[in-house]
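In this note's numbering, the protein residues as written are 172 to 340.
By construction, the Cβ of each residue, glycine as well, lies at the ideal position given by its N, Cα and C atoms.
It should be emphasised that the depicted structure is a prediction, and the values quoted were computed from it without experimental measurement.
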Amino acid sequence: DVNAFTIPGAKIFICKGLITFADTPEEVAGVLAHEMSHSIQHHPTAGLISQLGIKIIIASAFSSFPDLGLSLVNFSYSRQKEYEADEIGVRILNEANLDANGLAKFFNTIIQHAGDSDEFSVYLSTHPSSKDRIARVKALNKVKKAEPLLTQKEWQDLRNICKKKEKIE
């Protein structure tokens, strides 16, 4: 999977597909900073608590389709948290003197490979439009030129590690 996610307890998971999918280490650093932001803001824990409470209320109102009601409430809430994590992620990167455009480039890579959602489908997604996120990241970014995080060889070595499939005993 091309994914990274944060769970309660400040645990961040980066799937190896994200590293093999990303074009640069700066893209991975941008995604990691975004996920760190979710952890810093306690989004996973707050989301879990919120969903449990909302699910009880929604189950009463949408007794036939409680999951539909829960999803409709959570979409805009999730998008707000994604914007917040993007903003804090940019600050984390900039405070480390890193160009946050790696995060914007990752969103662009997603668009190139999968296509961005149209305006209607954004309403049915837990994440905002990638195009909108690119514009926001670029506007917030204060470091415009930084040294590469890894050499080409180091980046390729990391990607090669992630391509290993055999079990090591």
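Exercise. Roughly how many angstroms lie between the CA atoms of residue 266 and residue 330, to the nearest whole one?
Worked result: Here residue 266 refers to the residue found at position 95 of the sequence shown. Here residue 330 refers to the residue found at position 159 of the sequence shown. Between residue 266 and residue 330, the C-alpha separation is close to 26 Å.
For this session: Below 8 Å on the Cβ atoms is my guess for residue 315 versus residue 270; work out the distance and round it to an integer in Å.
Result: Here residue 315 refers to the residue found at position 144 when the sequence shown is read from its first residue. Here residue 270 refers to the residue found at position 99 when the sequence shown is read from its first residue. That pair is a contact at about 6 Å.
Exercise. If you follow the beta strand (DSSP E) that residue 175 is part of, which residue opens it and which one closes it?
Worked result: The residue you call residue 175 lines up with position 4 of the sequence shown. From DSSP, the beta strand (DSSP E) with residue 175 extends over 175-178.
Problem set entry | Within 7 Å, strictly: CB atoms of residue 273 and residue 198 | Stepping through the sequence shown from its first residue, residue 273 is reached at position 102. Stepping through the sequence shown from its first residue, residue 198 is reached at position 27. Result yes, Cβ atoms of residue 273 and residue 198 sit closer than 7 Å.
Problem set entry | Proximal residues to residue 301 (C-beta, below 6 Å), its chain only, five neighbours per side dropped | Along the sequence shown, read from residue 1 onward, the residue named residue 301 stands at position 130. Contacts found: 278, 281, 282, 287.
Exercise. If you draw a straight line from the C-alpha of residue 311 to the C-alpha of residue 211, how long is it?
Worked result: For the purposes of this step, residue 311 is taken as the residue at position 140 of the sequence shown. For the purposes of this step, residue 211 is taken as the residue at position 40 of the sequence shown. Cα to Cα, residue 311 sits roughly 19 Å from residue 211.
Exercise. Does the Cβ of residue 284 have 16 or more other Cβ atoms within 10 Å, making it buried, or fewer, making it exposed?
Worked result: Mapped onto the sequence shown, residue 284 falls at position 113. When all chains shown are included, residue 284 counts as exposed.
Problem set entry | Contacts around residue 184, its chain only, beta-carbon distance under 6 Å, and the 5 residues preceding and following it disregarded | Position 13 of the sequence shown, counted from the first residue, corresponds to residue 184. Hits under 6 Å: 176.
Problem set entry | Same chain, Cβ closer than 6 Å to residue 196, neighbours up to 5 away in sequence not counted | As a working mapping, residue 196 is identified with position 25 in the sequence shown. Only 320, 321, 326 meet the Cβ criterion.
Exercise. How many whole angstroms separate the CB atoms of residue 268 and residue 317, which I take to be in contact at a CB cut-off of 8 Å?
Worked result: Numbered from its first residue, the sequence shown carries residue 268 at position 97. Numbered from its first residue, the sequence shown carries residue 317 at position 146. With a Cβ gap of about 6 Å, residue 268 and residue 317 count as contacting.
Exercise. With C-beta atoms as the reference, is residue 299 less than 7 Å away from residue 253?
Worked result: For the purposes of this step, residue 299 is taken as residue 128 along the sequence shown, with counting starting at 1. For the purposes of this step, residue 253 is taken as residue 82 along the sequence shown, with counting starting at 1. Result yes, Cβ atoms of residue 299 and residue 253 sit closer than 7 Å.
For this session: Output the distance between the C-alpha atoms of residue 181 and residue 332, rounded to the nearest integer angstrom.
Result: Position 10 of the sequence shown holds residue 181. Position 161 of the sequence shown holds residue 332. Cα to Cα, the separation comes out at about 25 Å.
Exercise. Of the residues 263, 313, 324, 305, which one's Cα is nearest the Cα of residue 205?
Worked result: Walking along the sequence shown from the start, residue 205 turns up at place 34. For the residues 263, 313, 324, 305, the minimum Cα distance to residue 205 belongs to 263.
Exercise. Taking the DSSP output, what are the residues bridged to residue 182?
Worked result: Taking the sequence shown and counting its residues from 1, one reaches residue 182 at position 11. The partner list for residue 182 (beta bridge, DSSP) reads 178.
Exercise. Of the residues 309, 250, 190, which one's Cα is nearest the Cα of residue 328?
Worked result: Here the question's residue 328 lines up with position 157 in the sequence shown. It is 190.
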